[in-house]
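*Asks:* Starting off with a structure, shown below.
Protein chains: 2
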Amino acid sequence: MNYFSSDFKLGILGGGQLGKMLLYDTRKFDIQTYVLDPSDEAPCKIACDHFFKGDLMNFETVYNFGKLVDVLTFEIELVNLEALAKLEDEGLKVYPSPKTLKLIQNKGIQKDFYIQHSIPTANYKRFPNLKSVVVDILDSKLKLPFVWKCTEFGYDGNGVKVIRQISDLDNLANVECIAEEMIPFKNELAVIVCRNPSGDIKTYPVVEMEFHPEANQVEYVICPARIDDKVSEKARAIALTVSEKFNHVGLLAVEMFQTEDDEVIVNEVAPRPHNSGHYSIEASYTSQFENHLRAILDLPLGKTDSKVAGIMVNLVGEEGFSGNVIYENIEKILGWDGVTPHIYGKKQTRPFRKMGHVTIINENISEARRIAEDVKNTIRVISDKLNN
Amino acid sequence: MNYFSSDFKLGILGGGQLGKMLLYDTRKFDIQTYVLDPSDEAPCKIACDHFFKGDLMNFETVYNFGKLVDVLTFEIELVNLEALAKLEDEGLKVYPSPKTLKLIQNKGIQKDFYIQHSIPTANYKRFPNLKSVVVDILDSKLKLPFVWKCTEFGYDGNGVKVIRQISDLDNLANVECIAEEMIPFKNELAVIVCRNPSGDIKTYPVVEMEFHPEANQVEYVICPARIDDKVSEKARAIALTVSEKFNHVGLLAVEMFQTEDDEVIVNEVAPRPHNSGHYSIEASYTSQFENHLRAILDLPLGKTDSKVAGIMVNLVGEEGFSGNVIYENIEKILGWDGVTPHIYGKKQTRPFRKMGHVTIINENISEARRIAEDVKNTIRVISDKLNN
Chain U
1 MNYFSSDFKL
11 GILGGGQLGK
21 MLLYDTRKFD
31 IQTYVLDPSD
41 EAPCKIACDH
51 FFKGDLMNFE
61 TVYNFGKLVD
71 VLTFEIELVN
81 LEALAKLEDE
91 GLKVYPSPKT
101 LKLIQNKGIQ
111 KDFYIQHSIP
121 TANYKRFPNL
131 KSVVVDILDS
141 KLKLPFVWKC
151 TEFGYDGNGV
161 KVIRQISDLD
171 NLANVECIAE
181 EMIPFKNELA
191 VIVCRNPSGD
201 IKTYPVVEME
211 FHPEANQVEY
221 VICPARIDDK
231 VSEKARAIAL
241 TVSEKFNHVG
251 LLAVEMFQTE
261 DDEVIVNEVA
271 PRPHNSGHYS
281 IEASYTSQFE
291 NHLRAILDLP
301 LGKTDSKVAG
311 IMVNLVGEEG
321 FSGNVIYENI
331 EKILGWDGVT
341 PHIYGKKQTR
351 PFRKMGHVTI
361 INENISEARR
371 IAEDVKNTIR
381 VISDKLNN
Chain C
1 MNYFSSDFKL
11 GILGGGQLGK
21 MLLYDTRKFD
31 IQTYVLDPSD
41 EAPCKIACDH
51 FFKGDLMNFE
61 TVYNFGKLVD
71 VLTFEIELVN
81 LEALAKLEDE
91 GLKVYPSPKT
101 LKLIQNKGIQ
111 KDFYIQHSIP
121 TANYKRFPNL
131 KSVVVDILDS
141 KLKLPFVWKC
151 TEFGYDGNGV
161 KVIRQISDLD
171 NLANVECIAE
181 EMIPFKNELA
191 VIVCRNPSGD
201 IKTYPVVEME
211 FHPEANQVEY
221 VICPARIDDK
231 VSEKARAIAL
241 TVSEKFNHVG
251 LLAVEMFQTE
261 DDEVIVNEVA
271 PRPHNSGHYS
281 IEASYTSQFE
291 NHLRAILDLP
301 LGKTDSKVAG
311 IMVNLVGEEG
321 FSGNVIYENI
331 EKILGWDGVT
341 PHIYGKKQTR
351 PFRKMGHVTI
361 INENISEARR
371 IAEDVKNTIR
381 VISDKLNN
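The structure is reproduced here in C-alpha cells:
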C-alpha cells in the first residue's frame, strides 16, 4: 500500500492535542488525514486535510465517518464502540481494535482481564453501583481505606477517590465502580509499548512520574526513570506482556506502581499516545506519535531509545483565571537551553485545563530536573481576566 | 507582545517545503499564520491558518498581503522587493529586511559587499551581459577556465556553469552575470547563523557537503563536518561576521569553500532556512525552523548544538519518471535505526524535482554515513508512468 502523497485516507477520531501532535507526522509523511471532533475549535482543525464536526459517541456519525477512510484510529477512548465494531466487521482496519478498546474502556473488565492473564495488579472488587459499596462496608466485607474508581468515563484523576471513611463516598456518582486495595508505592512508572499488525513490538524506556509532595498531582514525567535497572527490566517486560495479551495495535501506555518491596504492578492502560510520552518528541529517536502512525500503518517501528534525557512539565490553567489565555514568562523559559513549550491552541484557559506542556532535554538528567523545576516555577497559564 | 494563541499574525511569502517545515513550529507555539503562494497545491496550504493564492513578484499582491499581518517573513528570495521596502517604510516588521535581501538577491552586488567588508571570497568580475564576457575573453582580459554565474534568479546549480572554452558559453542567457575565479577546494562547507533584532546571535555547527565523485552534485549534508577544529572555528567566525555585516535578522545560511591550503572563503549566502540545515529537525536541540521563528519574533534563540550526528540525503525525482509520485522502498528504509523521511507533499514527480529529504541520525557519524549511503542506494522517487 502506498501511503505517501497518495489517495490513501487515514481517519482520526478526536481532534485534540494528541491528534494535533500526530498530525506533525502525517504532514511529514504527507499522509492524507480525515479528523472528526465535536468542537469547531479543535486543535486539529488546521493541519488535517479534511475536518468534520460531529459527536464521537453517536453511532451514525462515527460509522459514516469511518466509511470515508481506509484506516481508522482514535486519540481519545470515549468513542462509539458499536460503530467501530461494525466498521471492523465490514472489513475496515480499525487500530486499536474495538475488541481491545472494549476490554479497556471499562475498568472493571480491564481489571478482570489482568487477573485472567496473571498480570500483577492491585486487589479489587467490582460493584454495580455506589449503594452496594456502602452495603459491603457496613457488612465489613470491604475494609477501609480503599481506592474508589468509577469504571467508565473517568480521566485525569477524575472518577478516582481515596476512601478513608464512609462519608468520603458522599456526592460520588451512583454508578458502576470498583474498590481497589491501596498499595503504598515508591514510584509511579509508565512504559509506552508500540506494536504493529505484523507483531513487531517495541517499548520506550521506563518513565517516572514525580508527584508534588503535598498535592497528589504528577508534576514531572522523567525519562529515563531514576530507578534500579532490575525494576526497569521488570516494568518493560510486564508492559510487553500486557500489550501482547491485549493483542494491541498502535500505542499502549501502561501505567504501573513500583511497590515498596520493588514489585511492579499494573495500574491501568491507555490505548493511544499518552501524556507520559510527550517527552519523546524532543528526546527520542522516534516520537511516540510517529511510532503510533508507523504501527497502525503496519510500517516498521522506529527506534525508541532516547538521544538525551527528557523531562515533561504539564501546562495547566492556574486557579482563579478564566478567559483568553496568556502564557506568562514564556519568553523567559525560551531563553533556557533545551526548553521547548508546546501550546495546544486552546484560546480560553480555565482552572486546571490542560493547555500545553514543556519539554526539557539535557545530556544530564539532574541538570534537566533542575531546569524543569525552574520552568515549573516560572511559566504561568493565566488570562486577561480574574475569576470572581 | 503575546504571540501564543493570540491575535498576532505572522505572514510568510512562499508556501513551499521550507514554509511547510516552518509551520510545524508555528503550530507548536500556536502562532497564527498567513501564507501567500502562487500555487493551489502549495505544501503550506494546509497547516497555515489562512492561505492566499497570488504572485510573489507582483507589487500589489505582496503589498496587500503584507498589510494583513504584524510580522512578515519569506521562505524564498524571489519576491517583490519594492513591496517589501514600502511595507517596511510604513512600519511593518519585515525580517529579513528588504535592505539585506537587496544586497543578496543580485550576486554581483553580493560579491561587491564581501569585498567592501573584507570578507574572503573568490576573485570575480561583473558583466552587464554575456556578450561583454565574450569580448573580455577575446581581448584575453579574462582567463579560462572560470565560473559563470547569472546574477539573479539562479537556484540549485541553475544559472551556474564552469567555462573551460569559449563554446561553453553557447546557449547561456545573455543576462547580467559574473565571472568567478575557479578555486580548487577540499570541502564545501556551510554554517547557518541565526540572529534576532536584539542582536542575539548563534551559529549552528559547520556542515560538510559531500559531493558525488563524478556527477558534480551534493549527495550528503553531514553534521558535524569531518574537518579540523581550526577550520571549523574559522568558518563559524566568518559566518558570524557575514551575518553581522548584513545586519541580518532571521536565518542566514553561509556557504563556503575550504581551500587546499585550509583557507575558508565565502561562496554565497541564503537569507532563510536552508537545505543544509534540514538535519537540525532531528539532530539539533533546536531546529533551524524554530530558530528562524524565534529570531524574527525577537524571542531568545534556542540552543544550536547537536544531540547526535546527523546526515541529510535529498530526495529528487529520478530521471525518466514523471507523474504521480511513488517512493520506492520507503518502507525498507523506515526499518533502519534513526532514519526519518520527509515527504514535501508534491503529488507529481519530475526528473531532479526536489520531492523530500531523508535524515539519518546516529551517535556515531561513520555509522550514520554508512546508513546514509544505504538509504541513497535504496529509496527511489519514481512514478506510475515512465517518460517517453
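Which chain is which? The protein sequence lines are U and C, in order.
Position 191, counted from 1, in the first sequence is what UniProt numbering calls 191; the numbers after and before it change by one each time, with no gaps.
Position 49, counted from 1, in the second sequence is what UniProt numbering calls 49; the numbers after and before it change by one each time, with no gaps.
Quick reminder that beta carbons are idealized off the backbone N, C-alpha and C, glycines included.
1) Quick test of your reading: U:K46 and C:A47, contact by CB under 8 Å. State the CB separation rounded to the nearest angstrom.
2) Among the candidates C:N247, C:G335 and C:K20, whose CA atom is the shortest distance from the CA of U:Y285?
3) Going by the beta-carbon positions, is the gap between U:M355 and U:G317 smaller than 7 Å?
4) Shortest alpha-carbon distance to U:N58 belongs to which of U:E214, U:F211 and U:D37?
5) Which chain U residues sit within Cβ distance under 9 Å of C:S383?
6) Going by DSSP, what residue range makes up the beta strand (DSSP E) through U:G310?
7) Ignore the nearest five residues each way along the sequence and tell me which others in C:A253's own chain have a CB closer than 7 Å to its CB.
8) Since C:A47 meets chain U, which of its residues come closer than 7 Å, beta carbon to beta carbon?
9) In three-state DSSP terms, what is U:T259?
10) Is U:C44 closer than 7 Å to U:S20 when the C-beta atoms are compared?
11) Taking the C-alpha atoms as reference points, what is the distance between C:L72 and C:L84?
12) When you compare each of C:I330, C:G320, C:R164 and C:L103 to C:N377 by their alpha carbons, which one comes out closest?
13) Does the segment 196-203 of chain C come close enough to the segment 179-188 of chain C to have 3 or more Cβ pairs within less than 8 Å?
14) Between the segment 112-120 of chain C and the segment 166-176 of chain C, do three or more beta carbon pairs fall short of 8 Å?
15) For the segment 306-323 of chain U, which residues have a beta carbon sitting closer than 9 Å to at least one beta carbon of chain C?
16) Under three-state DSSP, which class holds U:R294?
17) Can the beta-carbon of C:F211 be found less than 7 Å from the beta-carbon of U:I343?
18) Would you verify that the beta carbon of U:F51 is, or is not, closer than 7 Å to some beta carbon of chain C?
19) Count the other C-beta atoms from every protein chain shown that fall within 10 angstroms of the C-beta of U:V135, then say buried if there are 16 or more, exposed otherwise.
20) Given C:K346, which residues of its chain have a CB within under 6 Å of its CB, disregarding the five upstream and five downstream residues?
21) Use the C-beta contact count for U:Q116: other C-beta atoms within 10 angstroms, 16 or more gives buried, fewer gives exposed.
22) Please list the terminal residues of the continuous alpha helix (DSSP H) segment that includes U:Y24.
23) Taking CB distances under 7 Å as the criterion, tell me whether C:Y279 reaches chain U.
24) Using DSSP with H/G/I as helix, E/B as strand and the rest coil, what is C:L252?
25) Give me the chain U residues within the contact set of C:F289, using Cβ-Cβ distance strictly less than 7 Å, ordered along the chain.
26) May I ask which residues mark the beginning and end of the beta strand (DSSP E) holding C:V231?
27) Let me make sure I understand the geometry here. Which of C:L78, C:E77 and C:G66 has the alpha-carbon closest to that of C:G91?
28) What does the Cβ neighbour count give for U:L315, buried or exposed, with the cut at 16 atoms within 10 Å?
29) With C-beta atoms as the reference, is U:L56 less than 7 Å away from U:L101?
30) Which residue marks the beginning of the alpha helix (DSSP H) containing C:E282, and which one marks its end?
31) Between U:Y24, U:V375, U:D25 and U:C150, which has its C-alpha nearest U:Y220's C-alpha?
32) Going by Cα to Cα distance, which pick from C:G338, C:F127, C:V249 and C:Q217 is closest to C:F352?
33) Considering only the beta carbon of each residue, do C:Y24 and U:Y24 sit closer than 7 Å?
34) Given a threshold of 16 other Cβ atoms within 10 Å of its Cβ, counted over all protein chains shown, does U:R226 qualify as buried or as exposed?
35) CA-CA distance, C:V35 and C:A42?
36) If I measure Cβ to Cβ from C:P120 and keep anything under 6 Å in the same chain, skipping five residues before and after, which residues do I get?
*Replies:* The answer reads as follows:
1) Sequence check: residue 46 of chain U is Ile here, not Lys. That belief holds up - the Cβ atoms of U:I46 and C:A47 are roughly 6 Å apart, short of 8 Å.
2) The shortest Cα separation from U:Y285 among C:N247, C:G335 and C:K20 belongs to C:G335.
3) Taking 7 Å as the cut-off, the beta carbon of U:M355 is found closer than this to the beta carbon of U:G317.
4) Answer by Cα proximity: U:D37.
5) Listed along the chain, the chain U residues whose CB falls inside 9 Å of the CB of C:S383 amount to none; the nearest CB is some 11 Å away.
6) Where U:G310 is concerned, the enclosing beta strand (DSSP E) stretches over A309 to V316.
7) Answer for C:A253: A190, I192, V269, A270, H274, S276 and G277, listed in chain order.
8) Going along chain U in sequence order, the residues near C:A47 (Cβ under 7 Å) are R27, I46 and A47.
9) U:T259: strand per DSSP, three-state reduction.
10) Looking at the sequence shown, residue 20 of chain U is not Ser but Lys. Closer than 7 Å, so yes.
11) Taking the straight line joining both Cα atoms gives about 9 Å.
12) The shortest C-alpha to C-alpha distance from C:N377 to any of C:I330, C:G320, C:R164 and C:L103 is the one to C:I330.
13) Look at the beta carbons and you see the segment 196-203 of chain C not touching the segment 179-188 of chain C: under three pairs across the two are nearer than 8 Å.
14) With the rule of 3 Cβ pairs closer than 8 Å, the segment 112-120 of chain C does not count as touching the segment 166-176 of chain C.
15) Cβ contacts with chain C come from K307 and V308.
16) Helix.
17) No. Outside cutoff.
18) Among the CB atoms of chain C, none fall inside 7 Å of the CB of U:F51.
19) By the neighbour-count definition (other C-beta atoms within 10 Å, threshold 16), U:V135 is an exposed residue.
20) So the qualifying residues of the chain are M355.
21) Exposed.
22) If you look at U:Y24, you'll find it in the alpha helix (DSSP H) that goes Q17 to K28.
23) Chain U has no Cβ within less than 7 Å of the Cβ of C:Y279.
24) In the displayed model, C:L252 falls within a strand according to three-state DSSP.
25) What C:F289 touches in chain U: nothing, since even the nearest Cβ is about 12 Å away.
26) In this chain, C:V231 is not harboured by any beta strand (DSSP E); it is covered by the alpha helix (DSSP H) spanning D229 to K245.
27) It is C:G66.
28) Burial call: buried.
29) Result no, Cβ atoms of U:L56 and U:L101 do not sit closer than 7 Å.
30) Annotation: the continuous alpha helix (DSSP H) that includes C:E282 extends over S280 to A283.
31) Closest option to U:Y220, Cα to Cα, is U:V375.
32) It is C:Q217 whose Cα lies nearest to the Cα of C:F352.
33) C:Y24 places its beta carbon less than 7 Å from that of U:Y24.
34) Of the other Cβ atoms in all chains shown, fewer than 16 fall within 10 Å of the Cβ of U:R226; this residue is therefore exposed.
35) The alpha-carbon atoms of C:V35 and C:A42 are separated by roughly 10 Å.
36) Correct list, in chain order: I265.
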